[in-house]
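Report on one structure; see the data block that follows.
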Amino acid sequence: MKKLRVDVEEVANMMQSASYFGYDFSAFLDTETGKIYFFTEDSVPSEVRGCEIEEEELPKILEKAYEWQVDFIKKAYEIYCEDEDERYVGIPPSSSRYAYKRMRDFVLNIEDEELRERVYELIHGKGAFSRFKTFLGLHREYLDLWKDHEEKFRKEEALEWLNSIGIDPIDTPGYE
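Under numbering that gives the first Met the number 0, think of the first position of the sequence shown as 0, with each following residue one higher.
This is the structure:
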């Protein structure tokens with residue numbers, strides 16, 4: 000496996016963001032530098048995302064872009080249209096299966112047996128995540144514990160993904 004300086008928490012955040020925002024959000028890991036790039040539908044024109052233009056047409060698009068978009072568009076063109084070596088790897092959305100596992104594991108560790116059993120019943124079937132959020136709203140003493148638990152599992156999911164693409168990350172928080 001390739002050792003690479005990567006902000007694992009940022010990878011986890013991108014996975015989470017991709018699952019929240021869905022189709023209009025794309026994030027990529029530069030497998031040479033460890034830097035993360037992300038684009039929204041608003042920041043990059045569809046003809047660039049879809050590689051529907053030739054390189055010589057790019058200046059025309061840049062002329063029409065807002066100043067803040069120019070660097071995004073150039074980098075997006077490089078990633079979407081010129082990356083023949085597969086240097087950039089798309090960061091996938093967080094798995095709902097993994098999210099459910101995080102929630103279930105948290106519930107199974109509630110010390111109050113009666114409460115644990117009640118909450119365990121709540122997290123089955125359609126609407127499980129919504130009912131779990133309601134539980135956290137009613138039992139705020141568990142909110143900080145949940146946040147710590149969720150952060151740990153999100154990082155684990157990011158590490159699993161990085162390993163699956165052959166990256167052994169040197170976790171470097173705030174690395175760019």
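Yeah, the Cβ is synthetic: ideal placement off N, Cα and C, and Gly gets one too. Given the structure is predicted, the values throughout are model-derived calculations rather than measurements.
* From which residue to which residue does the beta strand (DSSP E) around Val88 run? -> Indexing the sequence shown from 1 puts residue 88 at position 89. Unbroken beta strand (DSSP E) run through Val88: 87-89.
* Does DSSP classify Ile72 as helix, strand or coil? -> Working through the sequence shown from its first residue, we reach residue 72 at position 73. Looking at Ile72 - three-state DSSP - the assignment turns out to be helix.
* Asked: Taking C-beta to C-beta, are Lys64 and Ile52 nearer than 7 Å?
  -> Counting from one through the sequence shown, the residue named residue 64 turns up at place 65. Counting from one through the sequence shown, the residue named residue 52 turns up at place 53. Looking at the sequence itself, residue 64 is Ala, so the reference to Lys does not match. Against a cut-off of 7 Å, the Cβ pair of Ile52 and Ala64 comes out as no contact.
* Asked: Is it true that the segment 145-164 meets the segment 100-114, where meeting means three or more beta-carbon pairs spaced less than 8 Å apart?
  -> yes
* According to DSSP, what are the bridge partners of Lys151? -> For the purposes of this step, residue 151 is taken as the residue at position 152 of the sequence shown. BP columns for Lys151 are empty, so no partner.
* **Contacts around Tyr79, its chain only, beta-carbon distance under 7 Å, and the 5 residues preceding and following it disregarded** => Walking along the sequence shown from the start, residue 79 turns up at place 80. Answer for Tyr79: Val47, Arg48, Cys50, listed in chain order.
* Ser25 - partner residues in DSSP beta bridges -> The residue labelled residue 25 in the question sits at position 26 within the sequence shown. According to DSSP, Ser25 bridges with Phe38.
* Using the C-alpha atoms, what's the distance from Arg115 back to Phe134? -> Indexing the sequence shown from 1 puts residue 134 at position 135. Indexing the sequence shown from 1 puts residue 115 at position 116. Cα to Cα, the separation comes out at about 11 Å.
* Pro168 - containing beta strand (DSSP E), residue span -> Numbered from 1 along the sequence shown, position 169 holds the residue referred to as residue 168. Counting along the chain, the beta strand (DSSP E) containing Pro168 begins and ends at 166-170.
* Asked: Excluding the five sequence neighbours on either side, which residues of its own chain have a C-beta within less than 8 Å of the C-beta of Val88, listed in chain order?
  -> As a first step, residue 88 is located in the sequence shown; it is residue number 89 there, counting from the start. Exclusion of the five residues before and after Val88 leaves Phe27, Leu28, Thr30, Ile164 as the residues of its chain whose Cβ lies within less than 8 Å of its Cβ.
* Once you ignore the five residues that flank Leu61 on each side, which residues in its own chain have a CB closer than 7 Å to its CB? -> In the sequence shown, the residue the question calls residue 61 occupies position 62. Answer for Leu61: Val69, Ile72, listed in chain order.
* To do: Thinking Ile90 and Met0 are a contact (beta carbons under 8 Å), I'd like their distance in whole angstroms, please.
  => Stepping through the sequence shown from its first residue, residue 90 is reached at position 91. Stepping through the sequence shown from its first residue, residue 0 is reached at position 1. The pair is not a contact, with the Cβ atoms about 18 Å apart (cut-off 8 Å).
* Name the DSSP beta bridge partners of Arg4, please? -> Your numbering for residue 4 matches position 5 in the sequence shown. Paired residues: Ile169.
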